[in-house]
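Undergrad:
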Amino acid sequence: MFRLSVLLFLFATTAAADPKVIDGDTLEVDGIVIRIEGIDAPEHGQRCGNWDCGTAATEALAGLVEAGKLDCEAHTTDAYGRVIATCYAGGVDIGKSMVDKGLAWPFEKFSDSYLAEGATAKAKGLGIWSGPAQPAWDYRSERWAAAEDTAPDGCPIKGNISRHGKIYHAPWSPWYHRTIIDTDDGEHWFCTEAEAKAAGWRAPYWH
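Just so you know, we're using the numbering used here here: the sequence shown kicks off at 3 and counts up by one.
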């Protein structure tokens, strides 16, 4: 409870900071990683048939957070140390807008937020409902399982060091297969995102 109160205070004092978009449902403000409550967007680099739905979702979230003052109400933290929050940009509910546009699924495994909006978007055939689209949670699971089989010690997250700093790539990152890890240069393989973050690596920013 104390930790959550501290996080709420930090949101209030960093709302004017420039948010960095990690993907279609995650952003970072002054080092605090915020996962939008109630939604799961296509991963950056994920395709839905011939449509680059992952990039579309990332760009949509970026457009929303750039449209007005960002305010986030924290609910809890997850296993990866991210803050789960309902966020508004210029008074617009970001999670609702993403689902309304067909650019995110309601994350019903963890929340009943936006179920009605998801049903409406599906009925209209918007975005991810317009054609073949693998839910993001299945997309991540398949790529994790495939990478886990070949990664050292079954730890498939690549901790790369570049001119942009220490950046980790999960198996669903579009840069994953192009990233070569050289442990002699201080790069690492990690078993979890939480482990990578604790060691000082960050997720890539796609916008």
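A virtual CB, placed ideally from N, CA and C, is assigned to each residue, including glycine.
(1) G83 and K199: beta carbons closer than 7 Å?
(2) Where does the unbroken beta strand (DSSP E) through W191 begin, and where does it stop?
(3) CB-CB under 6 Å to I159, same chain, minus the five flanking residues each way: which ones, in chain order?
(4) Locate the alpha helix (DSSP H) running through A196, then write down its first and last residues.
(5) If distances are taken between C-alpha atoms only, which option among Y207, S164 and G40 comes closest to G188?
(6) Is it true that the CB of I86 sits closer than 7 Å to the CB of D80?
(7) Is DSSP giving C55 helix, strand or coil here?
(8) Quick one: what does DSSP say P21 is sitting in, helix, strand or coil?
(9) E144 to G156, Cα distance in whole Å?
(10) Can you tell me whether T78 is buried or exposed? The criterion is at least 16 other CB atoms within 10 Å of its CB, across all chains shown.
(11) On the CB-based measure, 16 or more other CB atoms within 10 Å of its CB, does P44 come out buried or exposed?
(12) Return yes when the Cβ of A59 is within less than 7 Å of the Cβ of L105, no when it is not.
(13) Would you check if there are 3 or more beta carbon pairs closer than 8 Å linking the region 104-123 to the region 145-152?
(14) Does the beta-carbon of T152 have 16 or more other beta-carbons within 10 angstroms, so that it is buried, or is it exposed?
TA: On the basis of the data shown:
(1) yes
(2) H190 to F192
(3) Y170, A172, F192 and A198
(4) E195 to A200
(5) S164
(6) yes
(7) helix
(8) coil
(9) 14 Å
(10) exposed
(11) buried
(12) yes
(13) no
(14) exposed
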